[in-house]
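Here the sequence shown is numbered in my numbering, starting from 7 and rising by one per residue.
Glycine included, every Cβ here is placed at the ideal spot set by N, Cα and C.
From a predicted model like this one, the values you see are computed outputs, not experimental measurements.
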Amino acid sequence: MDEKKIKLAIMTASAKTLEYMKKNPKVSQEEVFQHVMKIEKAKGEAKIGAMASVSKTHEYKEKNPGASDKEIMQRIMNESEEIIGNIVLE
Numbered sequence: 007m008d009e010k011k012i013k014l015a016i017m018t019a020s021a022k023t024l025e026y027m028k029k030n031p032k033v034s035q036e037e038v039f040q041h042v043m044k045i046e047k048a049k050g051e052a053k054i055g056a057m058a059s060v061s062k063t064h065e066y067k068e069k070n071p072g073a074s075d076k077e078i079m080q081r082i083m084n085e086s087e088e089i090i091g092n093i094v095l096e
């Protein structure tokens, strides 16, 4: 398992999620997920990390609409080890 690739996929997916949500404020999690995963090139465990990141990013932005993208990205980065740990357990 390459943790650097997984972290990169997590952060890239989070950034793409926030970007898409900015353009489409009322978008559903399913739609964001489909959009991001269509353009995300990660494979294997990195793709699993990206999928988790999309879900968490959407959830955090929905619950904290006033939070900046930087704050959301920092939260995802802080949780990246936990996301990776969950991938290993699966």
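My guess is that residue i and residue j are in contact by the Cβ rule of under 8 Å, so how many angstroms apart are they, rounded?
i, j, result
"Thr18", "Val38", "Rounded, the Cβ-Cβ distance is 14 Å, inconsistent with contact."
"Ile82", "Ser61", "Wrong, their Cβ atoms sit about 11 Å apart, outside the cutoff."
With DSSP as the reference, label residue i as helix, strand or coil.
i, result
"Met7", "coil"
"Gly72", "coil"
"Val38", "helix"
To the nearest angstrom, report how far apart residue i and residue j are at their CA atoms.
i, j, result
"Val33", "Ser86", "24 Å"
"Lys28", "Glu77", "15 Å"
"Ala73", "Gln35", "18 Å"
"Asn84", "Lys13", "11 Å"
"Ala56", "Glu46", "8 Å"
"Ile93", "Lys11", "13 Å"
Report yes if the CB atom of residue i is closer than 7 Å to the CB atom of residue j, and no otherwise.
i, j, result
"Ala15", "Ala48", "yes"
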